[in-house]
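Input: a single structure, listed below in structure tokens.
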Ligand code: URA
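In this note's numbering, the protein residues as written are 983 to 1184.
Here is the structure:
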């Protein structure tokens, strides 16, 4: 993982690597049973070099603790792209400069996430929001349709017959915008808790 993190730190496969302040590799337990995957670093993450440390991240920590009884150090947290996608790449110090990653940026960065997954060998992935869900599952359905259902990761990274399970849920930023989505997210996290405790899908 260390050499992979170093490779990410030196990566210039797409334009994001030139503008970001810090590459945001991932954080947590490299033997975690669950990996949470977001879309890409924002302002705070770019400054601190760690995923989900802004307002969304604080809510993610709270969900982990209250519903799953887990600290962020007991799961693994990463993003599809490792560098901050900015509307104006010349202004990394500006707030409100975030944008979603492009298809090309996600394709360039995805092999790093797959290497992380190969190393961690999690039983499941939780995709946070529609961007990582669409990209990782290769589907074009809205998050409200797919959340709360289990899928198989389309690539059998650990050989045939050992699929990683994927559970899409809302991105914490969506919960900050619309607290009504919290109830569904709590249900999704209870499904995750049951899977982590029993190894079975309920
Ligand atoms: N949103 C994301 O998708 N990832 C982060 O790391 C922070 C906010």
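All residues carry an ideal CB built from backbone N, CA and C; glycine is no exception.
Predicted model, so just to flag it, every value in this text is computed and none were measured.
Rounded to whole angstroms, the separation of the alpha carbons of residue 1165 and residue 1175 is 15 Å. The Cβ neighbour count for residue 994, taken over all protein chains shown within 10 Å, is under 16; the residue is labelled exposed. Exclusion of the five residues before and after residue 987 leaves 1007 as the residues of its chain whose Cβ lies within less than 7 Å of its Cβ.
Excluding the 5 residues flanking it on each side, residue 1069 has same chain C-beta neighbours closer than 6 Å at 1079 and 1081, in chain order.
Ranked by Cα distance from residue 1027, the options 1063, 1050, 1053 and 1044 are led by 1063.
Around the beta carbon of residue 1108, a 10 Å sphere encloses 16 or more other beta carbons of the protein chains shown; the residue is thus reported as buried. Secondary structure of residue 1122 (DSSP, three-state): coil.
Relative to the ligand URA, residue 1034 has its C-beta within less than 6 Å of a heavy atom. In the three-state reduction of the DSSP assignment, residue 1059 falls in the strand class. Taking the Cα positions, residue 1059 is about 6 Å away from residue 1010.
Set against 6 Å, the gap from the CB of residue 1074 to the closest heavy atom of the ligand URA is not smaller.
In this structure, the straight-line span from the alpha carbon of residue 1124 to that of residue 983 is close to 33 Å. The nearest non-hydrogen atom of the ligand URA is 6 Å or more from the C-beta of residue 1126. For residue 1091, there is no enclosing beta strand (DSSP E); the residue is found in the alpha helix (DSSP H) stretching over 1085 to 1102.
Residue 1043 carries a helical assignment under DSSP once its states are collapsed to helix, strand and coil. Here the alpha carbon of residue 1111 sits roughly 4 Å from the alpha carbon of residue 1153. Between residue 1171 and residue 1157, the alpha-carbon positions lie close to 14 Å from each other. With respect to the C-alpha of residue 1181, the residue from 1136, 1088 and 1132 having the closest C-alpha is 1132.
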